[in-house]
Amino acid sequence: MITRAAKLLLLLMLIAFPVYSQSNIEGTSAPSFTLENTDGKRVNLQDYLAKGPVLLDFWATWCAPCKQAMPHLNKLHESYNDKGFTVLAISVDNTRSVSKVKPFVKSQRYSFPVLLDTDQEVLKRYRGNNVPHTVLISTEGKIQKVWIGYHPGEEKEIEAEVLTLLKSANADEE
0 MITRAAKLLL
10 LLMLIAFPVY
20 SQSNIEGTSA
30 PSFTLENTDG
40 KRVNLQDYLA
50 KGPVLLDFWA
60 TWCAPCKQAM
70 PHLNKLHESY
80 NDKGFTVLAI
90 SVDNTRSVSK
100 VKPFVKSQRY
110 SFPVLLDTDQ
120 EVLKRYRGNN
130 VPHTVLISTE
140 GKIQKVWIGY
150 HPGEEKEIEA
160 EVLTLLKSAN
170 ADEE
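Sequential numbering of the sequence shown, starting at 0, is according to numbering that gives the first Met the number 0.
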């Protein structure tokens with residue numbers, strides 16, 4: 000049984016050290032960044048947002064849930080890339096394991112761009128603590144939705160959100 004003092008201490012800790020959740024960045028401006036891709040070319044988030052909505056998928060080669068989600072995200076990328084949508088897979092593998100990223104992506108035949116965040120600075124800017132951490136950004140640069148972890152079936156919710164953004168972007172063009 001939790002004592003009253005323990006409950007009070009827990010409450011004080013939550014106030015003093017708030018836990019970042021997806022809801023506190025949704026609706027805010029997406030932090031801009033420039034990262035290297037697996038070929039060493041530097042790319043910027045803004046270049047992709049100029050084409051349409053972007054889904055950032057923070058992942059690592061050692062992350063089993065990440066590996067479960069990635070085939071679904073690749074299908075989304077392939078289905079809607081011609082409409083301006085891009086999945087940016089951002090590996091947070093550190094300098095010791097980053098050499099595994101390019102061979103892994105190649106072996107899986109993923110078609111989305113893969114960027115490297117070896118110091119996890121971009122993940123931290125998106126208030127991620129671990130992977131997978133997935134962030135959907137509108138063409139206007141606003142964070143639409145955040146998913147923490149991976150739950151089978153979640154790709155349907157992601158696709159619905161992507162379609163809403165694509166429909167909105169097309170309506171703005173008319």
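Note that the Cβ used here is the ideal one computed from N, Cα and C, for glycine as well.
Inset, instruction - Could you have a look at K141 and say whether DSSP puts it in helix, strand or coil? - result: The answer is strand: DSSP assigns K141 an E or B state.
Legend entry - E128 versus A168 - alpha carbon distance: Residue identity differs from the one stated: residue 128 is Asn in this sequence, not Glu. Roughly 31 Å between the two C-alpha positions.
Legend entry - Cβ pair L87, L115 closer than 9 Å: In terms of Cβ geometry, L87 and L115 do not form a close pair [threshold 9 Å].
Legend entry - Neighbourhood of E153 by C-beta, 7 Å cutoff - its chain only, sequence neighbours within 5 removed: Excluding residues up to 5 positions away in sequence, W146 lie with their Cβ nearer than 7 Å to the Cβ of E153 in the same chain.
Inset, instruction - Please determine if the stretch 71–85 and the stretch 31–43 are in contact, where contact requires at least 3 C-beta pairs separated by less than 8 Å. - result: The answer is no - the stretch 31–43 does not touch the stretch 71–85, with fewer than three Cβ pairs under 8 Å.
Legend entry - Proximity winner among E156, G140, T163, relative to I24 (alpha-carbon distances): Nearest of E156, G140, T163 to I24, Cα basis: G140.
Inset, instruction - For L48, I'd like the list of residues in its chain whose CB is within less than 7 Å of its CB, leaving aside the five on either flank, ordered along the chain. - result: So the list reads I136, T138, G140, once near-sequence residues are dropped.
Legend entry - Distance CB(P52)-CB(G26) smaller than 9 Å: P52 is not a Cβ neighbour of G26, given a cutoff of 9 Å.
Legend entry - Length of the line joining the Cα atoms of V194 and I142: This structure leaves residue 194 out entirely; the chain is present only between 0 and 173.
Inset, instruction - Have a look at L162 and Y79 and give me their C-alpha separation to the nearest angstrom. - result: Spanning the two alpha carbons is a distance of roughly 9 Å.
Inset, instruction - Classify S22 as buried or exposed, calling it buried when 16 or more other Cβ atoms lie within 10 Å of its own Cβ. - result: The pLDDT assigned to S22 is 48, lower than 50, so where the model puts this residue is not dependable, and the model offers no usable value.
Legend entry - Straight-line gap, R124 to V100 (C-alpha atoms, nearest Å): Straight through space, the alpha carbons of V100 and R124 are spaced by roughly 22 Å.
Inset, instruction - Classify A63 as helix, strand or coil using the three-state DSSP reduction. - result: Correct three-state label for A63: helix.
Inset, instruction - Let me know the secondary structure DSSP gives S28 once reduced to three states. - result: Secondary structure at S28: strand, using DSSP grouped into helix, strand and coil.
Legend entry - Start-to-end residues for the beta strand (DSSP E) that takes in S96: S96 -> no beta strand (DSSP E), and no H or E assigned at all.
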